[in-house]
Ligand SMILES: NC(=O)c1ccc[n+]([C@@H]2O[C@H](COP(=O)([O-])OP(=O)(O)OC[C@H]3O[C@@H](n4cnc5c(N)ncnc54)[C@H](OP(=O)(O)O)[C@@H]3O)[C@@H](O)[C@H]2O)c1
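Numbering (the working numbering), first residue to last: 65 to 330.
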């Protein structure tokens with residue numbers, strides 16, 4: 065029997081590649097978008113509506129999954145967006161929005177699916193976090209905070225769910241060429257003291273996007289995690305990231321120091 069997999073945010077970037085790769089690898093994929101009708105004709109999997117900012121949308125998603133499709137084997141929490149800007153300049157409302165979508169939206173989808181996973185006594189939850197869920201850089205405070213929060217939450221959940229045969233894993237990509245910058249939000253509020261840092265950070269972000277790796281790597285890693293019975297919790301994706309994160313851990317802040325050096329040269 066084909067496994068059913070739900071991929072949130074399957075209209076663009078990682079989600080589109082993940083959903084397509086899984087469908088082509090023999091899984092039955094259901095992808096989500098806030099505007100599913102826009103993409104349906106262009107993708108090889110079924111698209112349904114999901115807005116992470118709406119509880120009603122999340123509830124009707126889970127009703128549709130279990131009434132129409134009947135069973136779900138794997139949930140892939142991928143949808144999310146990026147808020148950029150100097151922390152002090154970002155209005156709390158925008159910071160809250162970052163958490164509403166990236167953290168609370170993801171948790172609410174997980175909670176809507178979990179009773180079914182517990183009842184069937186199996187399931188897998190794979191969440192796309194970020195390298196910024198493990199380290200943090202200037203100009204991405206709320207994004208980093210939302211991704212750190214996801215890391216902590218799912219780390220705890222992994223232990224709570226192990227007795228139900230439900231596996232929990234994170235995917236932590238570095239920097240990849242998707243539409244994330246085009247879909248990001250920022251603030252026009254400016255505090256002069258930060259001008260130099262803001263300029264350097266924005267220049268560095270352009271450089272990072274330019275150097276971004278091929279997002280197909282992330283889809284390949286997700287397929288591996290899908291096909292592994294007991295996947296590792298942490299799954300970094302990106303050139304040299306595992307070494308840098310290990311160094312970061314043992315040599316206090318190596319990765320952050322490297323990035324800050326590059327940023328100051330920008
Ligand atoms: N690109 C990178 O370098 C990078 C690195 C680390 C982690 N990530 C993470 O990877 C995930 C995917 O990002 P991406 O780079 O592929 O960006 P993307 O190309 O902008 O795709 C974002 C996806 O998320 C969906 N989405 C955004 N806000 C949503 C909301 N409020 N409700 C429901 N769906 C929403 C979008 O769907 P619709 O607009 O169709 O609704 C879209 O399919 C995100 O969680 C991001 O934080 C990206």
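Cβ coordinates follow ideal geometry from the N, Cα and C atoms, glycine included. Computed from a predicted structure; not experimentally measured.
- The residues 151, in chain order, have a CB closer than 6 Å to that of residue 205 in the same chain once the five nearest residues on each side in sequence are set aside.
- Excluding sequence positions up to five before and after residue 200, its CB lies within less than 6 Å of the CB of 208, all in the same chain and listed in chain order.
- For the pair residue 171 and residue 122, the Cα-to-Cα distance works out to about 10 Å.
- For residue 191, the uninterrupted beta strand (DSSP E) segment begins and ends at 187–192.
- In the pairwise beta carbon analysis, the stretch 183–197 is classified as touching the stretch 134–141: at least three pairs are separated by under 8 Å.
- When 323, 146, 78 and 262 are compared, the shortest CA-CA separation from residue 247 is found for 146.
- Residue 131 and residue 124 have their C-alpha atoms some 10 Å from each other.
- If you draw a 10 Å sphere on the C-beta of residue 174, you find 16 or more other C-beta atoms in it, and that means buried.
- Within the stretch 90–158, the complete alpha helix (DSSP H) runs of at least 4 residues fall at 100–103 and 119–128.
- Among the bridge pairs identified by DSSP, residue 281 is matched with none.
- In this model, residue 120 and residue 113 are separated by some 11 Å (Cα to Cα).
- Distance from residue 198 to residue 309 at the Cβ level is roughly 6 Å; contact confirmed, criterion being Cβ atoms closer than 8 Å.
- Contact between residue 117 and residue 165 is confirmed by a C-beta separation of about 6 Å, below the 8 Å threshold.
- At least one heavy atom of ligand 1 is found less than 7 Å from the C-beta of residue 244.
- The Cβ neighbour count for residue 142, taken over all protein chains shown within 10 Å, is at least 16; the residue is labelled buried.
- Less than 8 Å separates the beta-carbon of residue 305 from that of residue 195.
- For residue 297, the CB contacts under 8 Å within the same chain, skipping 5 residues up- and downstream, are 218, 219, 222, 232, 233 and 234 in chain order.
- Apart from sequence neighbours up to five positions away, the residues of its chain that approach residue 67 with a beta-carbon distance below 6 Å are 91 and 137, ordered along the chain.
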